[in-house]
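Q: Here it is: the structure, laid out below.
Number of protein chains: 4
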Amino acid sequence: MISAKKLDSLKLFFRENDGSMYKKMKSNVFELIEPSKGNPASKAFDIFIITLIILNLITIIVETFELPDAVRSVIVTFEIVSVIIFTIEYLLRVWTADLLYPQLSRGRARLKYICSFMAIIDLLSILPIYVPLLIPLDLRVLRILRIGRLLRILKINRYTHALGTMARVFKEKAAQLISSMLVVSLLIIIASVLMYNIESAVQPDAFSNAFETMWWAVSTLTTVGYGDVYPITVAGKLLAIIIAFLGIGMVAVPTGIISAGFTEAINKEKEEEKEEIAYCPHCGHKLHK
Amino acid sequence: MISAKKLDSLKLFFRENDGSMYKKMKSNVFELIEPSKGNPASKAFDIFIITLIILNLITIIVETFELPDAVRSVIVTFEIVSVIIFTIEYLLRVWTADLLYPQLSRGRARLKYICSFMAIIDLLSILPIYVPLLIPLDLRVLRILRIGRLLRILKINRYTHALGTMARVFKEKAAQLISSMLVVSLLIIIASVLMYNIESAVQPDAFSNAFETMWWAVSTLTTVGYGDVYPITVAGKLLAIIIAFLGIGMVAVPTGIISAGFTEAINKEKEEEKEEIAYCPHCGHKLHK
Amino acid sequence: MISAKKLDSLKLFFRENDGSMYKKMKSNVFELIEPSKGNPASKAFDIFIITLIILNLITIIVETFELPDAVRSVIVTFEIVSVIIFTIEYLLRVWTADLLYPQLSRGRARLKYICSFMAIIDLLSILPIYVPLLIPLDLRVLRILRIGRLLRILKINRYTHALGTMARVFKEKAAQLISSMLVVSLLIIIASVLMYNIESAVQPDAFSNAFETMWWAVSTLTTVGYGDVYPITVAGKLLAIIIAFLGIGMVAVPTGIISAGFTEAINKEKEEEKEEIAYCPHCGHKLHK
Amino acid sequence: MISAKKLDSLKLFFRENDGSMYKKMKSNVFELIEPSKGNPASKAFDIFIITLIILNLITIIVETFELPDAVRSVIVTFEIVSVIIFTIEYLLRVWTADLLYPQLSRGRARLKYICSFMAIIDLLSILPIYVPLLIPLDLRVLRILRIGRLLRILKINRYTHALGTMARVFKEKAAQLISSMLVVSLLIIIASVLMYNIESAVQPDAFSNAFETMWWAVSTLTTVGYGDVYPITVAGKLLAIIIAFLGIGMVAVPTGIISAGFTEAINKEKEEEKEEIAYCPHCGHKLHK
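Chains as they are written, first to last, in our numbering: chain A, 15 to 303; chain Y, 15 to 303; chain Z, 15 to 303; chain R, 15 to 303.
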């Protein structure tokens with residue numbers, strides 16, 4: 015390990031040569047961790063990180079199986095190593111944030127990066143390992159927290175245009191989607207209370223209170239239909255038929271909204287491409303398409 | 015409490031000063047209950063009413079659980095208080111209706127407001143508490159009626175543009191949606207009668223009559239599939255396979271209609287934005303599209 | 015009842031006065047049975063026929079319940095009466111077919127009407143009552159045949175624009191929809207044979223042959239999921255997971271096709287409306303929008 | 015059978031008359047196996063091959079039933095005969111590949127054809143019969159391989175425009191569809207690990223590890239809902255409610271993407287049709303859009 019003293023002297027050395035070596039090293043690191051076309055080292059780094067994320071994902075699933083202690087200790091070691099790598103990556107990204115936002119000052123750029131959605135996900139995914147070192151926490155809770163790590167896989171898509179389009183569609187249609195969800199929630203509550211009044215007398219176990227009936231309502235409205243709870247009275251079945259039909263509408267409305275959103279997004283992109291002024295090749299006049 | 019006499023004198027006082035104070039107070043009340051941008055008091059009133067509605071919603075669900083008497087009495091008190099508040103709000107809205115429709119006479123404006131969809135919902139949501147005071151009714155029926163109160167939550171959306179777009183899409187596509195529902199209903203009846211003829215001999219309990227078979231048909235066509243009733247003969251299974259496939263179409267058709275409706279709504283809004291002035295390429299005059 | 019002789023003389027009478035009374039009566043009947051705006055008699059006739067169809071529909075369902083003999087005999091009488099009315103309506107429509115297709119000769123117009131989709135449905139819906147009078151048939155078969163009568167309800171929509179749009183969308187997209195169904199059928203067969211090989215050893219009863227496995231495949235692919243048959247091996251569950259995901263695609267593809275079809279239909283209708291040549295109001299030049 | 019010697023002499027004969035008879039025969043064969051309008055022989059050949067494929071499909075299903083030995087031997091004979099026919103068809107297609115790609119040399123054309131998607135499917139569908147002749151393989155594995163034969167039915171659509179449009183839509187939207195699948199996969203893993211932590215204590219059999227929980231998650235998210243595994247704790251039910259709702263989104267997003275894709279495809283085709291010559295309003299010259 016590098017001693018703290020040596021590190022200080024290194025830091026000093028770079029500071030002194032701030033104009034050349036420090037800057038060059040920083041920009042090299044930045045190029046490595048940021049995706050840049052035609053740079054094989056950057057691409058290799060990307061593949062390495064993504065592989066690490068997927069392996070982490072697999073270990074989370076494998077952990078739930080009954081495993082011999084030897085395998086379990088290998089998994090624990092692998093987890094620690096990968097969190098250390100992710101921590102270094104996170105720190106490097108914070109360090110080079112001023113190259114990502116060249117128009118901002120160094121401090122502001124770093125703050126902006128730390129507050130970005132992806133950086134928060136990165137932090138949340140490495141935090142669960144460090145938290146028990148600082149605060150003694152119940153292990154059971156920790157296991158749930160560790161799932162935050164899964165969000166790391168979103169990094170794979172950091173670069174894709176497609177996920178961006180999807181996010182934009184959802185953002186633009188948020189008001190409509192939330193409205194439709196509100197209507198559906200209202201529907202579920204009405205159905206639950208009605209069904210509770212209808213069925214609780216005949217099936218007091220299955221429809222014991224409005225929450226249990228809500229379980230039935232959601233199961234029916236989303237067309238999942240586990241079949242653990244269902245009405246047996248005529249009135250109950252009639253209500254269930256209405257709810258099942260409204261469930262079709264429940265799929266249709268958000269689908270319609272999202273579908274229109276994607277059609278709009280495509281048209282917008284096309285229009286932006288087309289919005290160039292053309293000139294008549296014969297007389298040279300401007301032609302607005 | 016304000017005595018009836020005092021109230022009369024107050025009324026008289028306002029009537030006398032009809033030109034100034036009464037009108038001013040009325041417009042102040044109107045501004046408070048109607049959403050107006052930049053008015054913090056109006057915003058606070060909105061948030062208060064919405065919070066009250068949500069709390070009422072929660073109590074309806076909580077009521078179905080087994081509760082100690084102390085909690086139950088708190089809920090009853092809370093319900094009475096909130097219905098009084100809702101009643102006052104309703105009366106104030108009726109009172110200020112002539113400011114909402116300034117082009118109408120006072121009486122007509124109030125009548126128009128009372129007959130509006132939202133006012134009817136408001137009235138239905140407060141009525142269940144008052145009804146037993148006037149007519150002695152069975153309590154069981156009342157509990158069902160009380161669900162009308164839930165519709166109050168639609169007020170939250172009274173102001174949203176999104177719900178309006180959704181309502182317009184449904185209104186415009188109503189004929190097509192009803193047509194597709196008609197076809198589906200016909201399909202369900204045909205499937206039910208056919209299935210009754212096929213399965214009733216083998217499973218007389220599950221498929222005892224066409225209504226019970228209809229229960230199966232809806233469960234299959236909406237792809238809920240509880241699994242409480244299903245065919246066991248080869249002919250029955252073949253029919254169920256056809257019905258399940260038509261169920262896919264049943265989702266596809268309304269979704270397609272609604273989806274096209276939303277795309278149309280977006281295009282219409284855009285066109286309205288674009289309706290700019292064009293110029294005739296021949297004489298150079300302005301042309302309104 | 016009118017005797018055959020009297021009928022002949024009536025017919026002769028009309029033939030003799032072919033130029034006036036016969037024609038006038040025919041056109042009156044045609045106006046009555048065909049929907050014509052502003053004609054109250056025609057509207058009343060429409061409502062009467064539709065009511066009769068719905069009542070017939072209800073009797074079909076009611077028949078499957080256990081009923082006292084008195085009720086059953088009433089139903090049978092009602093059925094006979096309504097079939098007689100439908101038969102008269104059918105004959106009148108054939109008789110007035112030359113007014114429906116004025117450009118054709120009388121014989122050709124009648125043939126064209128008899129071969130039209132709606133006339134075939136009409137005939138099929140009244141035939142089941144007459145068939146046993148001509149050929150002795152098993153009653154069990156007849157009950158199934160009687161469902162053809164339900165198709166009469168499609169008459170309600172004979173006049174709606176909406177059902178026409180839907181039919182056109184389906185017709186235009188038929189090739190794509192059939193193609194997607196073909197892909198799905200292939201998928202089901204592949205899934206069934208694979209699943210039979212995987213699960214039949216462990217669950218020989220549930221997955222006894224490829225047809226039983228197909229029952230599972232359809233139930234999963236259409237997301238119905240009754241829960242009467244499901245894989246229990248790891249390989250079987252993995253296959254079921256893949257099939258369930260493809261089921262999502264199965265909904266998505268026809269929905270996408272139909273949705274695009276409806277959007278296209280709307281655009282086409284709009285374009286047809288817009289396709290008028292406009293003139294510049296200032297200089298009088300033609301302006302193609 | 016034709017002896018190898020005779021075949022060689024035939025080949026030589028055709029080579030010698032390369033300019034006339036060999037070429038003519040080849041082009042005749044090519045016309046027969048390739049779909050060409052107005053050629054009844056070619057159409058008959060198509061129908062024959064498609065019938066053979068469908069019959070093969072049926073035998074695969076029939077084979078899984080318990081059959082007498084006589085029927086089984088008929089099926090085996092039929093399979094061998096049809097594979098021989100398919101092999102001849104495959105070889106003829108390879109032989110006439112230079113007529114399919116006239117711009118390429120004979121060798122390159124054949125290689126290009128062999129590597130085409132349809133040719134690979136053809137090869138895979140006939141290979142399973144020949145493999146055990148070369149390498150001794152376990153019969154169990156072979157049965158699974160034989161399903162490759164089913165892909166032959168895709169040939170039916172080789173000629174349809176519709177399947178081509180569908181394939182293009184999927185290809186163009188691949189990035190978005192894969193992205194949405196990635197988000198869904200992440201969702202499933204998160205739901206599985208969370209649910210394992212919530213339910214495994216109460217239902218150790220049903221939720222024994224993350225894979226079993228994943229089985230539940232997929233069943234819920236795709237709205238299949240077999241009902242063999244479902245949560246019974248309050249926390250588990252709440253999670254299941256959230257997952258069921260996200261399941262609606264899971265249908266909505268790919269449907270929206272595909273729907274927008276089909277709308278785009280239609281517009282593109284229309285635009286290509288419309289790409290007519292326009293005239294510059296300033297100088298009157300032709301303008302190609």
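For every residue, glycine included, the Cβ atom is placed at its ideal position computed from N, Cα and C. All figures in this text were calculated on a predicted structure; none of them were measured in a lab.
(1) Under 8 Å, do Leu3(Z) and Ala205(Z) count as touching if we go by C-beta distance?
(2) What residue does the alpha helix (DSSP H) around Gln117(Y) start on, and which one ends it?
(3) Buried or exposed: Ala55(R), going by 16 or more other Cβ atoms within 10 Å of its Cβ?
(4) Does the Cβ of Gln190(Y) have 16 or more other Cβ atoms within 10 Å, making it buried, or fewer, making it exposed?
(5) Secondary structure at Val243(Z), three-state DSSP: helix, strand or coil?
(6) Is there a Cβ from chain Z that is less than 8 Å from the Cβ of Ile11(Y)?
(7) Considering only residues of the segment 58–113 of chain Y, which uninterrupted beta strand (DSSP E) runs meet the minimum length of 3 residues and lie entirely inside it, listed in chain order?
(8) Gly241(R) versus chain Z: which residues are under 7 Å apart at the beta carbon?
(9) Using a Cβ-Cβ distance under 8 Å, would Ser319(A) count as near chain R?
(10) Specify the secondary structure class of Ser222(R) as computed by DSSP and reduced to three states.
(11) So which residues on chain A does Thr237(Y) lean against when the C-beta distance must stay under 7 Å?
(12) Please decide whether Phe79(Y) counts as near chain A, where near means a Cβ-Cβ distance under 8 Å.
(13) What are the residues of the segment 248–274 of chain Z that lie near chain R, defined by any Cβ-Cβ distance shorter than 7 Å?
(14) Look up Val238(Z) in the DSSP assignment and say whether it is helix, strand or coil.
(15) Relative to the alpha-carbon of Ile257(A), which residue among Trp230(A), Gly241(A) and Gly275(A) has its alpha-carbon at the smallest distance?
(16) Determine the burial state of Tyr144(Y): buried for a count of at least 16 other Cβ atoms within 10 Å of its Cβ, exposed for fewer.
(17) Taking only heavy atoms of the ligand FAD into account, decide whether any of them is closer than 7 Å to the Cβ of Leu46(A).
(18) With 7 Å as the limit, tell me which residues of the segment 45–76 of chain Z have their beta carbon closer than that to any beta carbon of chain Y; keep them in chain order.
(19) Would you say Val207(A) reaches chain Y, if we count a Cβ-Cβ gap shorter than 8 Å as a contact?
(20) Is there contact between the segment 222–237 of chain Y and the segment 268–276 of chain Y, where contact requires at least three CB pairs shorter than 8 Å?
(21) For the alpha helix (DSSP H) holding Lys304(Z), just list the boundary residues, first then last.
(22) Does the CB of Val90(A) have a neighbour CB from chain R at under 8 Å?
(23) List, in chain order, every chain Y residue whose beta-carbon is nearer than 7 Å to that of Thr234(A).
(24) With DSSP run on the structure shown, which of helix, strand or coil describes Asn281(Y)?
(25) Evaluate contact between the segment 71–83 of chain A and the segment 110–130 of chain A, counting only Cβ atoms and requiring at least three cross-stretch pairs below 8 Å.
(26) Quick check on the burial criterion: 16 or more other C-beta atoms within 10 angstroms. Buried or exposed for Thr91(Y)?
(27) Consider the Cβ of Thr110(R): report whether some Cβ of chain A lies at a distance smaller than 8 Å.
(28) Straight-line CA distance for Ser34(R) to Leu147(R)?
(29) For Lys226(Y), count neighbouring C-beta atoms within 10 Å of its own C-beta (all shown protein chains included) and say buried if the count is 16 or more, exposed if not.
(30) Starting from Trp230(A), find everything on chain R with Cβ-Cβ shorter than 9 Å and list it in chain order.
(31) Under 8 Å, do Val207(Z) and Ala224(Z) count as touching if we go by C-beta distance?
(32) If we cut at 8 Å on Cβ distances, does Ala279(Z) have a partner in chain R?
(33) From the beta carbon of Gln217(A), is the nearest beta carbon of chain Y less than 8 Å away?
(34) Compute the distance between the beta-carbons of Met228(A) and Ile202(A), then report whether it is under 8 Å.
(35) Which same chain residues, not among the five before or five after Phe44(R), have their C-beta less than 7 Å away from its C-beta?
A: With the structure as the only source:
(1) What is shown of chain Z runs 15 to 303, which leaves residue 3(Z) out entirely.
(2) Counting along the chain, Gln117(Y) falls outside any alpha helix (DSSP H), and DSSP gives it neither H nor E.
(3) exposed
(4) buried
(5) coil
(6) Given that chain Y is displayed from residue 15 to residue 303, the structure contains no residue 11(Y) and the question cannot be resolved.
(7) none
(8) Gly241
(9) Since the displayed chain A opens at 15 and closes at 303, residue 319(A) lies outside it and no answer follows.
(10) coil
(11) Thr237
(12) yes
(13) Lys251, Ile255, Ala258, Phe259, Gly261, Ile262, Gly263, Val265, Ala266, Val267, Thr269, Gly270, Ile271, Ser273 and Ala274
(14) coil
(15) Trp230(A)
(16) exposed
(17) The model depicted lacks the ligand FAD and carries no ligand whatsoever.
(18) Leu71, Ile74 and Ile75
(19) yes
(20) no
(21) Since the displayed chain Z opens at 15 and closes at 303, residue 304(Z) lies outside it and no answer follows.
(22) no
(23) Val238
(24) helix
(25) no
(26) exposed
(27) no
(28) 39 Å
(29) Residue 226(Y) is actually Glu in this sequence, not Lys. Under this definition Glu226(Y) is a buried residue.
(30) Under the 9 Å cutoff, chain R gives no residues; its nearest Cβ is about 10 Å from Trp230(A).
(31) yes
(32) no
(33) no
(34) yes
(35) Thr110 and Leu113
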